[in-house]
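Okay, so the sequence shown: first residue is 8 according to the working numbering, each after it adds one.
Even glycine gets a Cβ: it sits at the ideal position worked out from N, Cα and C.
Note that the coordinates shown come from a computational prediction; the quantities given were computed from them, not determined experimentally.
Report on one structure; see the data block that follows.
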Amino acid sequence: MPIFSGQKVTAGQLNRLQPTTYRAGTQTVALTGPLTNADAPGISIAFTTQTAGAVVAATIVCDFDPTTTIGGLSSGRLFIDGVGVGEFAVYQQGPGTTGDRGSTPQTYREVIPTAGTHTAKLVVTLATGMNLNVYSSVLLTVYEAV
8 MPIFSGQKVT AGQLNRLQPT TYRAGTQTVA LTGPLTNADA PGISIAFTTQ
58 TAGAVVAATI VCDFDPTTTI GGLSSGRLFI DGVGVGEFAV YQQGPGTTGD
108 RGSTPQTYRE VIPTAGTHTA KLVVTLATGM NLNVYSSVLL TVYEAV
């Protein structure tokens, strides 16, 4: 919503002009596969939107650390209010290699349809022998509509 010349602006409108940034990082323990759609411990952000239609820009980083030769894909994904959104951050070890490790990022832009309290978290699927190390994180910025 635009602000017009001569319009009286409310305190609520001014408060919503400033984006709010949150970060959850350095998860509490490493996870070891096989796992399917597991919450990354400590990588969860509770946030509140004051208006419907707030925009969330987020980046996840998944620190994948194989302990052996891995054959399958491992992935991380942002979940908002219990629903997976956008793309996956994917890692697959090359054939016959050992000692690989990768911090795989993914970016998101999502619209939050309702005002209120919400939760964003990192959810992962890990192949057998894959660790999600403690250096994984979520960075989230909320932009409110005026």
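Problem set entry | Helix, strand or coil at A64 according to DSSP, with G and I counted as helix | On the sequence shown, residue 64 is found 57 positions in, with the first residue counted as 1. A64: strand per DSSP, three-state reduction.
For this session: Would you list, in sequence order, the uninterrupted alpha helix (DSSP H) runs of no fewer than 4 residues that lie entirely inside the region 29-112?
Result: none
Exercise. Among the residues of its own chain, which have a CB less than 7 Å from the CB of Q99, if the five just before and after it don't count?
Worked result: Within the sequence shown, residue 99 is the residue found at index 92, counting from 1. Answer for Q99: L80, listed in chain order.
Problem set entry | Environment of F11 [buried if 16+ CB atoms lie within 10 Å] | Within the sequence shown, numbered from 1, the residue matching residue 11 stands at position 4. So F11 counts as exposed.
For this session: Give the single residue among L24, T126, L42 whose Cα lies nearest to the Cα of A65.
Result: Within the sequence shown, the letter at position 58 stands for residue 65. It is T126 whose Cα lies nearest to the Cα of A65.
Problem set entry | Chain-order list of residues whose beta-carbon lies under 7 Å from that of D88 (same chain, five-residue window excluded) | By 1-based counting over the sequence shown, the position of residue 88 is 81. Hits under 7 Å: H125, T126.
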